[in-house]
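I have placed the structure first, in the form of structure tokens, so that the comments after it can refer back to it.
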Amino acid sequence: MTAATQAAPLPGGPPASGGKSRSAAIGALALSGSNIVRLGVQLAMLPILARLIGPADYGLVALAVPFVLFCNMLADGGLGTALARRREVSSDLESTVFWLAAAIGGGLAALSCLAAWPLALVMGEAALPPLIIALSPILIMSGFTAAANARVIREGRFGVFASGDLISVSASSAAALLAATHGWGAWSLVAQQLTLWACKLIWVVGLSRLPIRLFCQPRLAVDLLRFGRDTIGANLADFVTRNAGNVIVGGTLGTLVLGYYAMAYQIVRVPDLVISGPLSLYIFTAVARAAERDPSAANGAVSLASLRLTATALAPVFCGLVLVADLAVAVILGAEWRPAGPILACLGAAGFAFSICSVVAATFLGLGRSELQLRLAVASGVTTVAAVAATAPLGVRAASLGVAVSTVVVAVGYLTVLSRTLRLPAQAVIGAFGPAAVAAAAMAITLLPARTALAGLAPAIQLAVLVVLGAAVYVGVALLTGGRALRADLRIFLAAHGD
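Heads up: the sequence shown at position 170 corresponds to 219 in our numbering, and the numbers run straight through without jumps.
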């Protein structure tokens, strides 16, 4: 056991009962289920808002939102993640974290408002400051949810997040639609974000059963702040990795082109949020509990299971996006968004690589190895920024390919470090991608000639047939080649939470 793992407190307290294990598993599944519903709502709203708002206004908001979300990485001082790993938590510590995180969020909100005008001058967009100022309350709301999030994660009550996601996405989508139909333009997306975070705050804090008192003793949270320092650094670097493209493309090629790029990028991030996001929470708690005993064997099994499940679940989505991106954009978003199709096809590999990195990062945080995640995230940020900066002057497609190639390289680095840290054989890590690779290859071999055969049909019919055909081929081949291993992976997760 490493020194970092020994020193870090672990969540969950005493060994979890079978009931608690099943509750955590059901909660994680519910979170994935709610994210699938959320995906459906977002996909339904995407073409509507795209048509009502247009690429130019969408690109303008795509410049403002990353800045606010960048500040949001700092909004709780890393206290939420650190608190979630605690074995025992007193009400005094929870109250201290609640008020400290709220104060950090409030300070960052004020700083973001002051920085809005200099940022607008640098980016050459005079309309940015009002949007940034309007989005700044997100930082305060994020700070207020830190302690509540930590309690929910520590107790494995992921169903709270699942229900909260459904409510917040439904309410925010309604707010955006109402604003867009009344001609709010870019402000429709601001209304969407504010409503989303307000609903999350009210729901999670209310159901967390967090005792909120007028008590704050910062010395109680000193060790949490130390752990949070690395976590924040990793989150900031990860944020740069995922959002540098927006800033560089917008600054180099303009907001109209950024609108196309941002839309394609948002689409490739959705599957990551739907599956690997909930799975990362489940991996985090499973690894943290297993690390209390024998991390080498238990966490190696959990890590391989997480990689196989994530790769198998997401490979058909991203492979499908690459193969039918042009059809999907034309049918779902409309002719105005056709230039986003080739960009979406280029970014497909990046979306898959992001998901793999998220899963590996959850393992490192569960082990208490936040310093590893920090180093990898910084390397990832530097690699991505360099790739986009070098390729953006060549056009948006070149920039998209730059993001894809750099992200795949980074994912290989994450897997290499994981293999060395847990002493996993390289062939075992590669083998975790076997079912996904074989099934995705079969799907591609089937869909490429099918596209030619269906070329005379209406685009919507082509898309529907290709989706059904691709899904059938992928699921059949994946179950045939890896069904037994996937079932074993599910049992590993249940055992990790039940031990």
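Ideal placement from N, C-alpha and C gives every residue a C-beta, glycine not left out.
Item	Value
Between the Cα of A226 and the Cα atoms of V296, Q242, G156, which residue gives the shortest distance?	The question names Ala, but residue 226 is Leu in the sequence shown. Measuring from the Cα of L226, the nearest candidate turns out to be Q242.
With DSSP as the reference, label L128 as helix, strand or coil.	helix
Do V461 and T530 have their C-beta atoms closer together than 8 Å?	no
Specify, as a first and last residue, the run of the alpha helix (DSSP H) that A215 falls within.	It should be pointed out that residue 215 corresponds to Leu in this sequence rather than to Ala. Note, L215: alpha helix (DSSP H), 207-230.
Spatial neighbours of S558 within its chain, please: CB distance less than 7 Å, with the 5 preceding and 5 following residues excluded, ordered by chain position.	No answer is possible for residue 558: the residues shown for the chain start at 50 and end at 548.
Contact check, V146 vs A195 under 8 Å by CB: the rounded distance?	6 Å
Hey, how far is the Cα of I187 from the Cα of L497?	44 Å
Given that a residue counts as buried once 16 or more other Cβ atoms are within 10 Å of its Cβ, and exposed if not, what is R11?	Past the edges of the chain, shown from 50 to 548, lies residue 11, and the structure says nothing about it.
Could you tell me the alpha carbon to alpha carbon distance between A453 and L393, rounded to whole angstroms?	11 Å
Nearest to V409 by CA position, among A313, D287, Q511, is which residue?	D287
For L421, I'd like the list of residues in its chain whose CB is within less than 7 Å of its CB, leaving aside the five on either flank, ordered along the chain.	F413, V466, T470
Assuming V373 and L518 are in contact, meaning their beta carbons sit under 8 Å apart, how far apart are those beta carbons, in whole angstroms?	Incorrect: roughly 11 Å between the Cβ atoms, too far for contact.
Could you compute how far the alpha carbon of G308 sits from the alpha carbon of Y107?	5 Å
Considering only residues of the same chain and omitting the five flanking positions on each side of C406, which have a CB-CB separation below 6 Å?	A460, Y463
From A534 to V526, what does the alpha carbon distance come to, in whole angstroms?	13 Å
Determine the contact status of A491 and V522, defining contact as a CB-CB distance below 8 Å.	yes
Applying the 10 Å Cβ sphere with the 16-neighbour rule, what's the burial state of A384?	exposed
Taking the straight line between their C-alpha atoms, what separation do you get for L528 and A150?	46 Å
Once DSSP output is grouped into helix, strand and coil, what is the label at S139?	coil
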